[in-house]
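A.B. asks: Structure below; questions to follow.
Numbering (my numbering), first residue to last: 11 to 649.
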């Protein structure tokens, strides 16, 4: 290896300045140094880049210390027949020649200092004739971020950037100093300052002159106008202002004359209004009483919760819709100062300030709240609160309205779910269309190869593997196509208990073959739902078939059904080993399950069917256990 590589090393050293080529063998031992052939065989545990290259089997570049000193190093793994046999390292000296090349390319002077101790630095190399200024700046300790010094003390003709040099481990091993000559900028700034001083002086002189001229021309008529305006404001002037030329002052005089006329007309109106004020007050009072009766009737019949709440939690007013919707009587609400904080806002009884608990700030506020009725039924409201203040700005009470948007939220969630399903269906259909033709072509050619190749030949086994994998992909494609096929519902009254029993009868033989017990917890007289019986049966068969396939022999499956508020809940619990969180999240995604039956392959379509019925399905797994729970909710709609 030495005989073959020495000429190459000499050529690289002469042409590019490469200072070292070093070969290593696992687990990190020196094999050959072309720059020092006599030194080899020691372990290189202190060389993190070499150890990292051999460990990760990929190239590593670093600025690192070695026996040859601080150098820019690149380490690359060496493979023989796909086996790692060692690594090779090429290094370039981090010294004077390197800095001179940087200066030729970029122009500034570069100086490098080696760190020796906590705050001791020694100059390694420099392109500056003065050798850099870092050591002459006193006790300057650079951090891990670069520092820029513009005209430092004693060196006003240069700007300096001082930054740390980090090795492969991220430790500071030195400091680099970059000096830029700013003497030309200093001269240019001096000339600019003089020009700005002259221009400023001339501008100030011109400003004084213009100000004096404007004062001489405009101040006198302005004073006259101001005096006449004061007379109008005091009400002592009765006659119009003297007309002036058609300039700004003339327009101002006309405007003041119009204002004088308007004030005189308003004065006459006030005098007339004062004579009829008592009669107007009586008429207005009667109108207000009538309006109050109308508004109270309107508030009592509005499909909104209207309330007035004091700062201490006392409820002054609540309209009848509150009792109609949530079931709480006015006596229950008004007599409990903590009622609004605890029941409506969901705060604790220890909260002192109801304004902060319910609205956060003393300003008009709009928020969405979930409130449970007296029977425990959840309702979603939009709460619009408006604080009423006294003359000092303090909050006296809160007036607010609450709009029931429970049904709107359900419709919104259903619309979003339908849109997501539509988009996913379009994407899946496009993907399946693009995949079908090349998959059929590959499968056809592979099957022809299997038929033509003689038995026992190695290539026949390889072709058979291709056929099996293509069949697997075709099955996955079939699952995907079944999950995006259009689902048209033929709704009717469906007895869930009867439907679940039919599903269990279909899977009875599979349960016996697998040795799995089924624990049923289905109460009598479950409410019926509006659904497509055939599609819903197909969905439950798919889910139960998949659960049966994943349940170990000798174990049991629990099937439970119950009513929860306005929904019918079906829960399936079983144990499945080797299931992680990713499997739970992707439970209904199209995939191939080797142990699943044919019906269990329609899991994606099962989720679509449940969603099309306005339902929801959620799969969870208890932490630290193999117990999986599938919760299916179907809305109960009468009629």
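Here a beta-carbon is modelled for each residue, glycine too, at the ideal position from N, C-alpha and C.
Residue 389 to residue 553, Cα distance in whole Å?
C.D. replies: Translated into the one-based positions of the chain shown, residue 389 becomes position 379. Translated into the one-based positions of the chain shown, residue 553 becomes position 543. Distance between the alpha carbons of residue 389 and residue 553: 32 Å.
A.B. asks: Under DSSP, the alpha helix (DSSP H) around residue 157 begins and ends at which residues?
C.D. replies: As a working note, residue 157 is residue 147 in the chain shown. Here residue 157 belongs to no alpha helix (DSSP H); instead the beta strand (DSSP E) covers 157-160.
A.B. asks: Take residue 362 and list the residues in its own chain whose beta-carbon comes closer than 7 Å to its own, dropping the five residues that flank it on each side.
C.D. replies: Counting from one through the chain shown, the residue named residue 362 turns up at place 352. Because the pLDDT at residue 362 is just 49, under 50, the model does not fix this residue reliably, and the point stays unresolved.
A.B. asks: Can you check the stretch 500-573 for any beta strand (DSSP E) of at least 3 residues that lies completely inside it and give the ranges in chain order?
C.D. replies: With a minimum length of 3 residues, the continuous beta strand (DSSP E) runs that stay inside the stretch 500-573 are 502-504, 527-531 and 539-541.
A.B. asks: How big is the Cα-Cα spacing for residue 219 and residue 268?
C.D. replies: On the chain shown, position 209 is the one that residue 219 refers to. On the chain shown, position 258 is the one that residue 268 refers to. Distance between the alpha carbons of residue 219 and residue 268 is about 36 Å.
A.B. asks: Buried or exposed for residue 329, going by 16 or more other Cβ atoms inside 10 Å?
C.D. replies: Your numbering for residue 329 matches position 319 in the chain shown. So residue 329 ends up on the buried side.
A.B. asks: Taking residue 87 as the reference, give the member of 64, 591, 81 and 72 with the closest Cα.
C.D. replies: Within the chain shown, numbered from 1, the residue matching residue 87 stands at position 77. Residue 87 has its Cα closest to that of 64, out of 64, 591, 81 and 72.
A.B. asks: For the beta strand (DSSP E) that residue 87 lies in, which residues bound it at each end?
C.D. replies: One-based indexing of the chain shown puts residue 87 at position 77. Counting along the chain, the beta strand (DSSP E) containing residue 87 begins and ends at 79-90.
A.B. asks: Leaving out five residues before and five after residue 283 in sequence, what residues of the same chain have Cβ atoms less than 6 Å from its Cβ?
C.D. replies: On the chain shown, position 273 is the one that residue 283 refers to. No residues qualify anywhere along the chain.
A.B. asks: Hey, out of 250, 413, 587 and 640, whose CA is closest to residue 634's CA?
C.D. replies: On the chain shown, residue 634 is found 624 positions in, with the first residue counted as 1. Among 250, 413, 587 and 640, the Cα nearest to that of residue 634 is on 587.
A.B. asks: What's the call for residue 81, buried or exposed, on a 16-neighbour Cβ count within 10 Å?
C.D. replies: Locating residue 81 in the chain shown gives position 71, counting from the first residue. Label assigned to residue 81: buried.
A.B. asks: Evaluate residue 29 with the Cβ neighbour count: other Cβ atoms within 10 Å of its Cβ, from every protein chain shown; 16 or more gives buried, anything less gives exposed.
C.D. replies: For the purposes of this step, residue 29 is taken as the residue at position 19 of the chain shown. Buried, since its Cβ has 16 or more Cβ neighbours within 10 Å.
A.B. asks: Could you spell out where the alpha helix (DSSP H) holding residue 383 opens and where it closes?
C.D. replies: As a first step, residue 383 must be located in the chain shown, where it is residue number 373. Neither: residue 383 is in no alpha helix (DSSP H) and is coded neither H nor E.
A.B. asks: Taking C-beta to C-beta, are residue 629 and residue 638 nearer than 8 Å?
C.D. replies: Along the chain shown, one-based indexing puts residue 629 at 619. Along the chain shown, one-based indexing puts residue 638 at 628. Result yes, Cβ atoms of residue 629 and residue 638 sit closer than 8 Å.
A.B. asks: Going by the DSSP bridge assignment, what does residue 639 pair with across the sheet?
C.D. replies: Indexing the chain shown from 1 puts residue 639 at position 629. In the DSSP output, where bridge partners are listed per residue, residue 639 has 583 and 630.
A.B. asks: Which partner residues does residue 398 have in the DSSP bridge list?
C.D. replies: Looking up residue 398 in the chain shown gives position 388. Answer is 407, bridged to residue 398.
A.B. asks: Counting along the chain, where does the alpha helix (DSSP H) carrying residue 334 start and finish?
C.D. replies: Working through the chain shown from its first residue, we reach residue 334 at position 324. Its alpha helix (DSSP H) spans residues 330-336.
A.B. asks: How far does the beta strand (DSSP E) with residue 103 in it reach, from first residue to last?
C.D. replies: Against the chain shown, residue 103 aligns to sequence position 93. Taken as a continuous stretch (DSSP letters only), the beta strand (DSSP E) holding residue 103 covers 93-103.
A.B. asks: Please state whether DSSP places residue 50 in a helix, a strand or coil.
C.D. replies: Reading the chain shown from its first residue, position 40 is the one you call residue 50. It is coil, neither helix nor strand.
A.B. asks: By Cβ distance, which residues of its chain are closer than 7 Å to residue 78, with the 5 residues on each side in sequence left out?
C.D. replies: For the purposes of this step, residue 78 is identified with residue 68 of the chain shown, where counting begins at 1. Here the set comprises 29, 30, 45 and 101.
A.B. asks: Taking DSSP as the reference, what is the three-state secondary structure of residue 428?
C.D. replies: Here residue 428 refers to the residue found at position 418 when the chain shown is read from its first residue. Of the three classes helix, strand and coil, the one that applies to residue 428 here is helix, per DSSP.
A.B. asks: DSSP state of residue 187, grouped into three classes?
C.D. replies: Position 177 of the chain shown, counting from 1, holds the residue named residue 187. Reduced to three states, the DSSP call for residue 187 is strand.
A.B. asks: Please report how far the alpha carbon of residue 548 lies from the alpha carbon of residue 508, in whole angstroms.
C.D. replies: Counting from one through the chain shown, the residue named residue 548 turns up at place 538. Counting from one through the chain shown, the residue named residue 508 turns up at place 498. Approximately 14 Å between the Cα atoms of the pair.
A.B. asks: Leaving out five residues before and five after residue 385 in sequence, what residues of the same chain have Cβ atoms less than 8 Å from its Cβ?
C.D. replies: As a position in the chain shown, residue 385 is number 375, starting the count at 1. Hits under 8 Å: 337.
A.B. asks: For residue 439 and residue 154, what's the separation of their Cα atoms in angstroms?
C.D. replies: Looking up residue 439 in the chain shown gives position 429. Looking up residue 154 in the chain shown gives position 144. Going from the Cα of residue 439 to the Cα of residue 154 covers about 54 Å.
A.B. asks: Taking the DSSP output, what are the residues bridged to residue 393?
C.D. replies: Against the chain shown, residue 393 aligns to sequence position 383. Bridge partners of residue 393: 377 and 412.
A.B. asks: How many angstroms separate the CA atom of residue 418 from the CA atom of residue 597?
C.D. replies: For this step, residue 418 is matched to residue 408 along the chain shown. For this step, residue 597 is matched to residue 587 along the chain shown. Cα to Cα, residue 418 sits roughly 30 Å from residue 597.
A.B. asks: Suppose you measure from the CA of residue 573 to the CA of residue 545; what does that come to, to the nearest Å?
C.D. replies: Numbered from its first residue, the chain shown carries residue 573 at position 563. Numbered from its first residue, the chain shown carries residue 545 at position 535. Looking at the two C-alpha atoms, the distance is approximately 21 Å.
A.B. asks: Would you decide whether residue 551 is buried or exposed? Buried here means 16 or more other CB atoms lie within 10 Å of its CB.
C.D. replies: For this step, residue 551 is matched to residue 541 along the chain shown. By the neighbour-count rule (16 or more Cβ atoms within 10 Å), residue 551 is buried.
A.B. asks: If residue 517 and residue 459 are in contact, beta carbons under 8 Å, what's the gap, nearest whole angstrom?
C.D. replies: Against the chain shown, residue 517 aligns to sequence position 507. Against the chain shown, residue 459 aligns to sequence position 449. Not a contact, Cβ separation roughly 40 Å.
A.B. asks: Can you tell me whether DSSP reads residue 283 as helix, strand or coil?
C.D. replies: Residue numbering aside, residue 283 sits at position 273 when the chain shown is read from its first letter. In the structure shown, residue 283 sits in a helix (DSSP, three-state: H, G or I).
A.B. asks: Does the contact criterion of 3 or more C-beta pairs under 8 Å hold for the stretch 373-383 versus the stretch 393-403?
C.D. replies: Yes, the stretch 373-383 touches the stretch 393-403.
A.B. asks: What span of residues does the beta strand (DSSP E) with residue 110 cover, start to end?
C.D. replies: Residue mapping note: residue 110 aligns to position 100 of the chain shown, counting from 1. Premise fails: residue 110 lies in the alpha helix (DSSP H), 106-116, not in any beta strand (DSSP E).
A.B. asks: Would you grab the beta carbon distance between residue 188 and residue 176 for me? Rounded to a whole angstrom, and I think it's under 8 Å.
C.D. replies: The residue you call residue 188 lines up with position 178 of the chain shown. The residue you call residue 176 lines up with position 166 of the chain shown. Not a contact, Cβ separation roughly 16 Å.
A.B. asks: Does the structure place the stretch 181-197 close enough to the stretch 111-124 that three or more beta carbon pairs sit under 8 Å?
C.D. replies: Yes, since at least three Cβ pairs between the stretch 111-124 and the stretch 181-197 fall closer than 8 Å, the two stretches touch.
A.B. asks: From residue 383 to residue 409, what does the alpha carbon distance come to, in whole angstroms?
C.D. replies: Within the chain shown, residue 383 is the residue found at index 373, counting from 1. Within the chain shown, residue 409 is the residue found at index 399, counting from 1. So the two alpha carbons sit approximately 21 Å from each other.
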